[in-house]
Amino acid sequence: MRALPVLTSLFLLASLAACTDDARDALRPSKTGCYVGSGGEVHLSAEQASNAATIAAVGMRDGMDEHAVAVAITTAMQESELVNVNYGHDDSLGLFQQRPSMGWGSEEELMDPVYASFKFYEKLQRTDGWEDMRLAEAAQAVQVSAYPELYEQWESDAEVIADAFAGGEEAGLACVSGNTDEPAVDPAVLAEAYEYQWGTEVSIVDDSRIVIEAGGAAEGWNSAAWAVARSYDHQITSVSYNGKVWTPGEEAWVEPDAGDDGEAQVLEVADSTAVIITFATPE
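Printed below as a string of structure tokens:
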């Protein structure tokens, strides 16, 4: 009876040896979610990426810098794994596990990632010397956790994420194709979300696209990453900026190919200093 596992292992080894490269590729699981950093150093689910984008946008809106965003991301990764949960220790809830009973806000307010992020930055700004603190140290100064050492494990990932969403990293975020069960298909919905989170209106919104004028390269790439992070929820078919285009899939950002269909858009992308978001056409 004990010979069976050995025979099975030998059979599998022989089968793998006979496998072609194409067959091996077909057996590999497909990538999912979003990859942050130029080398895809950090993997996030679509939900995590969307929440990280919101935290960064609110920070930029309120005049915070990349270091502050990294502190907030460090905190949310430890407190909720960047998931907007409606439960926690005692009455803690939301991205930062803030407590209504401790004066952070109402339950409804704290379940709004924009409000929760605003309240986090508000307390961070009132913390003397936070600018010179390590990420974990600043996170602890805001949260006053019973386990301050746990924030340290997220520092390196948070720096990569903050660079993509608040540091202007070129092509810093790419997400693989996929949508929620009921994605929004109206570009105006995303335009409204942009205004709410960034505190400024988009330049153009119509039935199939949004255009966001960028005040510089860093601002443009931050807005582009924010848009890519929304691709799962809004049937976004492409995001372009500064001569590069992202489309859902594993190829990440690429320079547009003039030989593809839609050559006018290719030229527009190559010449534009604006972030251009296009959407699936409703059937």
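According to mature numbering (1 follows the signal peptide of the UniProt record, and there is no 0), the stretch in the sequence shown is residues -20 to -1, 1 to 263, in order. For each residue, glycine too, the CB sits at the ideal point set by N, CA and C. These numbers come from a predicted model, not from an experiment.
- DSSP places Phe259 in the uninterrupted beta strand (DSSP E) bounded by Ala254 to Phe259.
- At a Cβ-Cβ threshold of 8 angstroms, Val156 and Thr258 do not count as neighbours.
- With contacts defined as CB atoms closer than 8 angstroms, Ala119 and Thr107 fail to qualify as a contacting pair.
- Cβ contact annotation for Ile53 (same chain, cutoff 7 angstroms, sequence separation greater than five): Ala32, Ile35, Ala138, Ile141 and Ala142, in chain order.
- Between Val94 and Arg41, the alpha-carbon positions lie close to 11 angstroms from each other.
- Selection Gly200, Glu150 and Gln105 evaluated against Gly19 yields Glu150 as nearest (Cα-Cα).
- Nearest in C-alpha terms to Asn64, of all of Gly39, Ser25 and Gly147, is Ser25.
- A contact is defined here as three or more CB-CB pairs under 8 angstroms, and the stretch 169 to 177 fails this definition with respect to the stretch 60 to 79.
- In the same chain as Tyr101, and ignoring 5 residues on each side of it, the C-beta atoms closer than 8 angstroms to its own belong to Val38, Gly39, Asp42, Met44, Ala48 and Ala52, in chain order.
- About 4 angstroms separates the CB atoms of Tyr131 and Ala116; that is less than 8 angstroms, so the two are in contact.
- Following the DSSP letters along the chain, one finds Ala154 inside the beta strand (DSSP E) bounded by residues Leu153 to Cys155.
- Excluding residues up to 5 positions away in sequence, Gly148 and Asn222 lie with their Cβ nearer than 7 angstroms to the Cβ of Ala197 in the same chain.
- The closest CA to that of Glu129, considering only Lys224, Tyr212, Glu59 and Ala204, is found on Glu59.
- Less than 8 angstroms divides the Cβ of Leu153 from the Cβ of Ala205.
- Its Cα nearest to that of Gly195, the residue Ala254 stands out among Gln77, Ala254, Trp233 and Gly109.
- Asp166 and Trp134 have their C-alpha atoms some 35 angstroms from each other.
- Setting aside the 5 residues that flank it on each side, Gln105 has no residue in the same chain whose C-beta is closer than 7 angstroms to its C-beta.
- In this structure, the alpha-carbon of Gln215 lies about 20 angstroms from that of Ser183.
- Taken in chain order, the unbroken stretches of beta strand (DSSP E) that lie wholly in the stretch 158 to 204 and span 3 residues or more are 189 to 193.
- In the assembly as shown, Thr261 is an exposed residue. Its beta-carbon has fewer than 16 other beta-carbons within 10 Å.
- Listed in chain order, the alpha helix (DSSP H) elements of length 4 or more contained wholly in the stretch 13 to 88 are 26 to 41 and 46 to 60.
- Counting along the chain, no alpha helix (DSSP H) covers Ser218; the unbroken beta strand (DSSP E) around it starts and ends at Ile216 to Tyr221.
- Per DSSP, Val124 lies in no alpha helix (DSSP H) and is assigned neither H nor E.
- In the same chain as Lys99, and ignoring 5 residues on each side of it, the C-beta atoms closer than 7 angstroms to its own belong to Gln78, Trp84 and Gly85, in chain order.
- Of the residues His23, Tyr67 and Ser218, the one whose Cα lies closest to the Cα of Ser188 is Ser218.
- Taken atom to atom, the span from the alpha-carbon of Pro80 to that of Met57 is near 20 angstroms.
- Spanning the alpha carbons of Thr55 and Glu199 requires a straight line of approximately 24 angstroms.
- For the options Glu235, Asp213 and Glu231, the alpha carbon positioned closest to that of Gln28 is the one of Asp213.
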